[in-house]
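Enquirer:
Numbering (full-length UniProt numbering), first residue to last: 1 to 90.
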C-alpha cells in the first residue's frame, strides 16, 4: 500500500466536488494563481510554467478546466501574442 497523498486527499480551498474534478497539476496552478492574484492580474503561461516546473504547453492544457470550473477566481484567456496571457481576478 502506498502512503503518498492522492489528489482526493490533498487539502485545498475548493469544495470537495470541485477538488475531485481537478488534476494535481490543475490544483498546483490554481494554488499559484490564488497566491499571486492580489498582486498581479495578468499571467503568461510561460511564466506560470517556470514557477511551477512545468512546460508552457502543460499550463495551457490545464487552464481551460480551471476557466470552466466553479473556483473562487475569475480566469479568462486574454491574449495570444508571444504566448498565451490569462487575466485572473480574485
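Where is the CB? At the ideal position from N, CA and C, for every residue including glycine.
1) State buried or exposed for residue 28, treating a residue as buried only when at least 16 other CB atoms are found within 10 Å of its CB.
2) Assuming residue 85 and residue 44 are in contact, meaning their beta carbons sit under 8 Å apart, how far apart are those beta carbons, in whole angstroms?
3) When the Cα atoms are used, what is the spatial distance from residue 87 to residue 21?
4) Would you tell me roughly how many angstroms separate the C-alpha atoms of residue 36 and residue 81, rounded to the nearest one?
5) Does residue 24 pass the burial test, meaning 16 or more other C-beta atoms within 10 Å, or should it be called exposed?
6) For residue 55, collect the residues of the same chain with a Cβ closer than 6 Å to its Cβ; drop the 5 residues on either side in sequence, then sort them by chain order.
7) Which residue wins for smallest C-alpha separation from residue 33, given the options 79, 74 and 61?
Expert: So, from the listed chains and residues:
1) buried
2) 5 Å
3) 22 Å
4) 22 Å
5) exposed
6) 49
7) 74
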